[in-house]
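**Q** If you're matching them up, the sequences are chains A and B in order.
Going by numbering that gives the first Met the number 0, the letters in the first sequence line up with residues 0 to 407, in that order.
Going by numbering that gives the first Met the number 0, the letters in the second sequence line up with residues 0 to 395, in that order.
No residue lacks a Cβ here, since even glycine has one placed at the ideal position from N, Cα and C.
A quick note: this is a predicted structure, and the numbers were derived from the prediction, not measured.
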Amino acid sequence: MTAQAGGGASGTTRPPAITSRPRVLEISSPITAAAGRFLADAGAEVVKVEAPTPGVAAPAVGEALALRLYRDTDKRSITIDLASAAGRAVLRRLAPNFDIVLESGEPGWLASIDAGWDALHAANPGLTLASITPFGQWGPYSHYKADDLVVFAMGGMMFVSGVPELPPVIAPCEQGFVAGGIHAAMAALACWRATRLRGSPGEWIDVSLVEALAAQENTITNFKGGSDFTRREGSQHRNGNPGRVFRCKDGYVHLLIQHDEQVWARFVAWLGNPPELQGEGFETLLARRSKADIITETTARILLTRTREEIFDGGQEAHLPIAAVFSITEALADPQVVHMNVLERVPGGGAAGPAEAGYRTLRPPFQRGRSLPARRPAPTPGQDTEAVLAELGLGADEIAQLRRDGVV
Amino acid sequence: MPLAGVRILAFTHVAAGPYCTLQLAALGAEVIKVESSTRIDLWRWDKNRDPERSLRFIDHNKNARSVTLNLKTDEGRALAKELAAKSDVVIENFAAGVLDRLGLGWDVLSRGREDLILVHMSGLGASGPRSAYVTYGPSMMAISGMTHLWNQPEREEPVGSQTSYPDYLVGSYAAYAIVAALVDRDMEGAGREIDLIQLDVVETAMGPAVVAAANELAPVGPKGNRVPDAVPHDTYPCVGGNDDWCVISVATDDEWASLAGLIGGAAAAPRFASAAGRVAARAEIDGIVGAWTRERSAHQVFEACQSVGVAAGVVATGRDLMQDRHLAERGFLLEMEHAAMGPVKLPGLAFRFDHDPLPTWRLGPLMGQDNVYVLGEVLGRSPADIARLESEGVVK
Chain A
0 MTAQAGGGAS GTTRPPAITS RPRVLEISSP ITAAAGRFLA DAGAEVVKVE
50 APTPGVAAPA VGEALALRLY RDTDKRSITI DLASAAGRAV LRRLAPNFDI
100 VLESGEPGWL ASIDAGWDAL HAANPGLTLA SITPFGQWGP YSHYKADDLV
150 VFAMGGMMFV SGVPELPPVI APCEQGFVAG GIHAAMAALA CWRATRLRGS
200 PGEWIDVSLV EALAAQENTI TNFKGGSDFT RREGSQHRNG NPGRVFRCKD
250 GYVHLLIQHD EQVWARFVAW LGNPPELQGE GFETLLARRS KADIITETTA
300 RILLTRTREE IFDGGQEAHL PIAAVFSITE ALADPQVVHM NVLERVPGGG
350 AAGPAEAGYR TLRPPFQRGR SLPARRPAPT PGQDTEAVLA ELGLGADEIA
400 QLRRDGVV
Chain B
0 MPLAGVRILA FTHVAAGPYC TLQLAALGAE VIKVESSTRI DLWRWDKNRD
50 PERSLRFIDH NKNARSVTLN LKTDEGRALA KELAAKSDVV IENFAAGVLD
100 RLGLGWDVLS RGREDLILVH MSGLGASGPR SAYVTYGPSM MAISGMTHLW
150 NQPEREEPVG SQTSYPDYLV GSYAAYAIVA ALVDRDMEGA GREIDLIQLD
200 VVETAMGPAV VAAANELAPV GPKGNRVPDA VPHDTYPCVG GNDDWCVISV
250 ATDDEWASLA GLIGGAAAAP RFASAAGRVA ARAEIDGIVG AWTRERSAHQ
300 VFEACQSVGV AAGVVATGRD LMQDRHLAER GFLLEMEHAA MGPVKLPGLA
350 FRFDHDPLPT WRLGPLMGQD NVYVLGEVLG RSPADIARLE SEGVVK
């Protein structure tokens, strides 16, 4: 890297170096749909390829509908039967028209239908392929099967989650897919940008969901040999005393008092200077570790006499890192979250059922304050098949034939 | 390297900010971390209390360059401003308002460079009734609803996790947001200020549950490891006691037939052959599977199940990860040599490229390790001037 990296100071805005948003083909699965969500949040045009369902598909309801509304808002959907030779031929014809392809098939699957990296790269050297799989494209486990449960366990996050008296527990909402999706979207968008700015060739990105989780949380660096590794301790934080969830008069709160001696002093004062926490042995975090039981017991006893709101707001008034434990419904109703405007309304017209009347979904966090085009409601499967195939140059007769043959 | 030529100036500490710039460095950006011995990054304090011997610091700050600027001095702040003018992106996670008080807010920095991208990572945002609240990763987990959802359904008291998982979500998401903002800059010719609210990111990571709650589509509560329509799908105890757990996830009747073939005995009952039959007999099946796993190690269960095409895994400990043959063969475990600590082993990252080489990893920097590069090469200061800045406590 040279001293010129980043360019000089500028007094003028630059002429646009990139003139269009990336076109993304999501060969759809719960894994790629997460990555496609993030790319759509950045304004990419995302087309989802889904498997056709024979007959009339029952509209999604409940959790499945929520998943679809969240993941697929802004996307278009086409259905192609990738189990058939004709469907695979359609995919091979379509894919090179895109800038980014997202897939999560078993390693080798895409190549086995002649749409692997070599074929895509030959057809479109600027195309970036993101392969997102549990264990990555190669290595001893690469052909092993895994869902979110297995990924979360193998990535080391599950072992440190839960209370010791119950089995380890997974995080909500498929966090392995979320972590993999963020990293895939980040790397793919960066590669696409380089192809547009510098004419770089596209890349084949290998994202492993297990590695995405194993890189986090110091699980690896906290292993000090033998049996010295982190074990699950409920909500008890490694470096906090108190540092856990406590019950209060009308719910639960979370406290995390760590190294700072001034924070400790403010905390004791805020508790009302209980005699149990006076005297020697509370000077440093290390010293307080040996007093963990009395600190936790005393805190628990006093917090039981106060309400969640008193603790959250009163604690913060004393500049203490204290939080209310909210359910999602409570979080969404919290005045701060309401003020943040995290939700926005999407007009109706997409997926059948409640979505017809419109629905509320999350606004992309980094787009706050920007005026963006109106959001497109989540599609019903195959809703855009004709339009997308026509845009990509298939004739009306050809499309009609594919439909008669059940390929699309 | 896709982000070659991009310079990131980081006023970040602890986990989320450095985890963000780590991703960008891996994509080829130059990351300059501004720190100071007058205000040491908490992440440098490992158990041993020596700021140059923290494994988690050298992990999360891989490939970053360190310049020590004392922002309590006028000249230290002036140097930071000069550096910002030579950077594409400035990222900070000070408490609300600190950047402005340092004279390094958007109004000032954007005058020095109009197409600058300035990213704040505030906990709860810059305005609103609780905007100034002090938050850490675990606080985000609590406030967002994640702590409530991350639990076994039979347990009333919310548990969440002892981890700071939201920090990693926010860090990687911020890196994605920066790549997206660079694209916007290259399209629109203008930079922007991004208030990346950490709570917003954590809600996004639970998007399906948030949409279910916001539109009253389904009850939203803790589910634990089970799913309604598949059995077995849970964590099971293994021979080694509370350090030894496995997971097994059967999605199809064929997979169950394969697993039942391994287990034998009662597992072969015809009434378990269909998903509906297994769901109806959940407790019974979990008992049969648990009795089988209890006589084996998690590694044995994992390999036995995978050998017949059944999704299963080890509930991996830090030791399991460190000794994993797959991660080792993929080069995910980096074995490097540190100036103060000697040989160290660290995790790699989530992504790699087929054709471009991986970055040449450098361990997280010693404090001020790159002062000469940053002040000399980037800002053009002479060796004499750098010596003066050091002696006057500006570079410290």
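Thinking C-alpha only, which one of A:Pro378, A:Thr297, A:Leu64, A:His182 is nearest alanine 33 of chain A?
**A** A:His182
**Q** Name the chain A residues that come within less than 9 Å of isoleucine 142 of chain B, Cβ to Cβ?
**A** Chain A residues near isoleucine 142 of chain B: His253, Phe311, Ala322, Ala323, Val324, Phe325, Ala330, Asp333, Gln335, Val336.
**Q** Can you list the residues of chain B that proline 376 of chain A reaches, using a CB-CB cut of under 9 Å?
**A** Those do not exist, as proline 376 of chain A stays about 12 Å from chain B at its closest Cβ, beyond 9 Å.
**Q** Determine whether the beta carbon atoms of leucine 361 of chain A and threonine 203 of chain B lie at a separation below 8 Å.
**A** yes
**Q** Pick out the complete beta strand (DSSP E) segments inside the stretch 83 to 108 of chain A, 3 residues or longer, and give them in chain order.
**A** 99 to 102
**Q** Does the beta carbon of valine 206 of chain A sit closer than 8 Å to a beta carbon anywhere in chain B?
**A** With 8 Å as the cut-off, valine 206 of chain A counts as an interface residue toward chain B.
**Q** Going by DSSP, name the residue or residues bridged to alanine 50 of chain A.
**A** Answer is none; alanine 50 of chain A lacks a bridge partner.
**Q** In chain order, what are the residue ranges of uninterrupted beta strand (DSSP E) at least 3 long that sit wholly in the stretch 202 to 259 of chain A?
**A** 203 to 207, 242 to 247, 250 to 255
**Q** I need the straight-line Cα distance from asparagine 123 of chain A to proline 95 of chain A, nearest angstrom please.
**A** In a straight line, the C-alpha of asparagine 123 of chain A is about 5 Å away from that of proline 95 of chain A.
**Q** Any contact between the stretch 336 to 349 of chain B and the stretch 240 to 254 of chain A? By contact I mean 3 or more CB pairs, one from each, below 8 Å.
**A** Fewer than three pairs of CB atoms, one per stretch, sit closer than 8 Å, so the stretch 336 to 349 of chain B makes no contact with the stretch 240 to 254 of chain A.
**Q** For alanine 2 of chain A, which residues in the same chain have their Cβ closer than 7 Å to its Cβ, ignoring the five residues on either side in sequence?
**A** Caution is warranted here: a pLDDT of 35 is assigned to alanine 2 of chain A, below 50, making its placement in the model unreliable, and the coordinate value is therefore given only provisionally. Here the set comprises nothing.
**Q** Apart from the five residues just before and just after valine 168 of chain A, which ones in its own chain have a Cβ nearer than 8 Å to its Cβ?
**A** Met157, Ser160, Gly161
**Q** Relative to the alpha-carbon of tyrosine 18 of chain B, which residue among B:Ile193, B:Cys245, B:Glu74, B:Tyr164 has its alpha-carbon at the smallest distance?
**A** B:Tyr164
**Q** Could you check whether the Cβ of isoleucine 17 of chain A sits closer than 8 Å to any Cβ belonging to chain B?
**A** yes
**Q** Beta-carbon within less than 8 Å of threonine 295 of chain A's beta-carbon, same chain only, minus the 5 sequence neighbours each way: which residues are those?
**A** Excluding sequence neighbours, threonine 295 of chain A sits near Asn240, Pro241, Arg243.
**Q** State the start and end residues of the unbroken alpha helix (DSSP H) segment that holds cysteine 237 of chain B.
**A** No alpha helix (DSSP H) holds cysteine 237 of chain B; DSSP gives it neither H nor E.
**Q** For aspartate 58 of chain B, would you say it is in contact with chain A, using Cβ-to-Cβ distances shorter than 8 Å as the test?
**A** yes
**Q** When you compare the CB of glutamate 62 of chain A with every CB in chain B, is at least one pair closer than 8 Å?
**A** yes
**Q** Compute the Euclidean distance between the alpha carbons of serine 130 of chain B and glycine 125 of chain A, then round it to the nearest angstrom.
**A** The straight-line gap from Cα to Cα measures roughly 44 Å.
**Q** Would you tell me roughly how many angstroms separate the C-alpha atoms of alanine 4 of chain A and lysine 32 of chain B, rounded to the nearest one?
**A** Its pLDDT being 38, under 50, alanine 4 of chain A is placed unreliably in this model, and the value from its coordinates should be taken loosely. In a straight line, the C-alpha of alanine 4 of chain A is about 15 Å away from that of lysine 32 of chain B.
**Q** Can you tell me where the alpha helix (DSSP H) holding threonine 31 of chain A begins and where it ends?
**A** It spans 29 to 40 - the alpha helix (DSSP H) in which threonine 31 of chain A sits, taken as one unbroken run.
**Q** Counting pairs of Cβ atoms below 8 Å between the stretch 172 to 181 of chain B and the stretch 81 to 92 of chain B, do you hit three or more?
**A** Taking a cut-off of 8 Å for Cβ pairs, the stretch 172 to 181 of chain B and the stretch 81 to 92 of chain B touch, as three or more such pairs fall below it.
**Q** What residues match up with lysine 32 of chain B in a beta bridge as DSSP calls it?
**A** B:Ala9, B:Ser65
**Q** Run down chain B in chain order and give the residues with a C-beta less than 9 Å from the C-beta of aspartate 190 of chain A.
**A** Residue 190 of chain A is actually cysteine in this sequence, not aspartate. Pro1, Leu26, Phe352, Asp355, listed in chain order.
**Q** Can you give me the C-alpha to C-alpha distance between glutamate 302 of chain B and leucine 41 of chain B, rounded to a whole angstrom?
**A** 41 Å
**Q** Just to check my reading of the structure: valine 238 of chain B and arginine 293 of chain B have Cβ atoms closer than 8 Å, yes? What is that Cβ distance to the nearest angstrom?
**A** 6 Å between Cβ atoms; contact.
**Q** Using a beta-carbon distance below 8 Å, is lysine 248 of chain A in contact with chain B?
**A** no
**Q** Can you list, in chain order, the residues of the stretch 287 to 299 of chain B whose Cβ is nearer than 7 Å to any Cβ on chain A?
**A** Answer in chain order: no residues at all.
**Q** Looking at arginine 76 of chain B: is its Cβ nearer than 8 Å to the Cβ of glycine 102 of chain B?
**A** yes
**Q** Exposed or buried, threonine 359 of chain B, counting other C-beta atoms within 10 Å across all chains shown (16 or more means buried)?
**A** exposed
**Q** Consider the Cβ of aspartate 106 of chain B: report whether some Cβ of chain A lies at a distance smaller than 8 Å.
**A** no
**Q** If distances are taken between C-alpha atoms only, which option among B:Thr37, B:Glu29, B:Trp105 comes closest to valine 393 of chain B?
**A** B:Thr37
**Q** DSSP puts serine 130 of chain A in a beta bridge; with which residues?
**A** A:Glu102, A:Asp205, per the DSSP bridge assignment.
**Q** Just to confirm my understanding: we take glycine 289 of chain B, look at its own chain, exclude 5 residues before and 5 after, and list those with CB closer than 8 Å. What are they?
**A** Within the same chain, and ignoring the five residues on either side of glycine 289 of chain B in sequence, the residues whose Cβ sits closer than 8 Å to its Cβ are Tyr235, Pro236.
**Q** Can you name the residues of chain A whose CB is closer than 7 Å to the CB of phenylalanine 368 of chain B?
**A** Checking the sequence, you will find glutamine at residue 368 of chain B rather than phenylalanine. Correct list: empty, because the minimum Cβ distance to chain A is about 15 Å.
**Q** Please check if any C-beta of chain B sits within less than 8 Å of the C-beta of proline 58 of chain A.
**A** no
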